[in-house]
Each structure stands twice: as structure tokens, then as C-alpha cells.
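Structure first, then comments.
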Amino acid sequence: MDAHYFIAISLDSKTKEWLKRIQSNLYHNKSLLYKVWPHEEDFHITLHFFGSLAKREVVMVVKEMERFKAFEAFPITIGQLRYFGNKEKPRVIWIDVEKKQELINIYEEVNNIVEIVNKKTEKRSYSPHITLAKKWASTENAKESIEIAVNNNKEIKNIEINKIALFKINPNSTPKYEITKMVEFK
């Protein structure tokens, strides 16, 4: 069986430490019961999830990623805590990422690569985010806890977006994501 891959913005260690602190505060809130709390090294901003890729497809993606060397690094703001799904049992808690034009341009270029590899592009509008917890693990209602967490986490951070990576998913490892190819922007 072929491994699964995704392309994402790779984050620097200081940003990952900042995210880990927020995640840790959420984790210690005993009413937020999630099955998955991503490892600090696994924090990223997803651009496209490929799913299964054959070796020849991985080679194609790696080759096509060279185009990102022409892109320039840029600042972006991250911060506001949000969630996907039902407020009572939200599937994902995440940090919002500013939807800046430079990020949209990268996303669109990734979609061009996706089409070259003959994979399907995402039909939903792009919602850049950084996952802190996923897969609600309880029958308990989390509405009040989620509202408190969102209201207590209004901190924002300015970061530099300066690299993109193709990650291989190793589901039985910690961290789970292994860099296959990294490209730094100008």
C-alpha cells in the first residue's frame, strides 16, 4: 500500500513552541476530550492532502515543488482559536491563519501541481488553519468549555512564511509527519 502525503507550510520552532503552549492549556482542560493532540513537530498549515501517492507521483510532486524557490517569504498573522463542527462536540480545534493573498497564491500553485499529478483539487474554499486537537472522544457536551476556551485564547502572533514541504504520514510514529521535500522561499 502506498503511503499518504500532503503539502503544507512548514512552521519554525518558535511558532511551534507558541502553539504547543496554547495546545497544552487546552489539553489540561479536562472537559475538552479529544483522541488526537498533534505532536508539536507536526504543526503545519495544510495546502493539499493527497492521500495515497505512488512513488512515481511522489517524484513528480517533488520535481514540481522546485517552482516555489521563486516565491518570496512574507509575514502573516495567526492566532484566534476556532473549531470545526458541532459546538457541542467539535471535531477539530484549530488556530486561525490570516488568509493573505500571498498564501492564496501558494495554494493556487499547489493546485496546479495537484492537477499535474492527476489528483482532484479541493472543491471547498480554502480555510487556512493549524490543528491543535481533533476527533472528539466523548458523549459529553463541550459547548460551554469550547466557548470559554475560544474567549480565553485571543492571543495573536506574527510569523514569517518562508518554506513549503511535502510530508509523508507515518501513522504509527510520533511525530507522524516526515518531510519528503522542503523548499525555502526567497
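Numbering (full-length UniProt numbering), first residue to last: 1 to 186.
Beta carbons: idealized from backbone N, C-alpha and C, even for Gly.
The structure displayed is predicted, hence computed values, not measured ones.
Counting C-beta neighbours from all protein chains within 10 Å, is the total for Thr46 16 or more, i.e. buried, or is it exposed?
Its Cβ being crowded by 16 or more others within 10 Å, Thr46 is buried.
Quick check: the Cα distance between Leu81 and Ile116, rounded to an integer number of angstroms?
35 Å
Straight-line gap, Asn152 to Lys63 (C-alpha atoms, nearest Å):
44 Å
Comparing alpha-carbon positions, which option in Phe68, Val110, Ser52 and Ile148 lies nearest Lys87?
Nearest option by C-alpha distance: Ile148.
Taking the continuous alpha helix (DSSP H) assigned at residue 189, which residues delimit it?
The structure shown has nothing for residue 189, since the chain only spans 1 to 186.
Using CA atoms only, rank isn't needed, just tell me which of Ile169, Leu132, Asn111 and Leu26 is closest to Pro38.
Leu132
Backbone secondary structure at Lys16 - three-state DSSP:
helix
Alpha carbon to alpha carbon, how far is Thr180 from Phe43?
16 Å
Quick one: any contact between the segment 20-31 and the segment 55-75, if contact means 3 or more CB pairs under 8 Å?
no
Please classify Ser10 as buried or exposed, where buried requires at least 16 neighbouring CB atoms within 10 angstroms.
buried
Report the partner residues of Ser145 according to the DSSP bridge assignment.
Answer by DSSP bridge pairing: none, since Ser145 is not bridged.
Can you tell me the Cβ-Cβ gap for Phe74 and Lys100, rounded? I've got them flagged as a contact below 8 Å.
7 Å
Inspect the beta-carbon positions of His129 and Val97 and report whether they are closer than 8 Å.
Less than 8 Å separates the beta-carbon of His129 from that of Val97.
Sorry if obvious, but does the Cβ on Glu115 come closer than 7 Å to a heavy atom of the ligand ATP?
The model on display carries no ligand, and the ligand ATP is accordingly not part of it.
Buried or exposed for Gly51, please, with buried defined as at least 16 other CB atoms from any protein chain shown within 10 angstroms of its CB.
exposed
With a cut-off of 8 Å on the beta carbons, I'd call Ile76 and Ile161 a contact; round off their distance for me.
5 Å
Where does Val110 sit, in a helix, a strand or coil, going by DSSP?
helix
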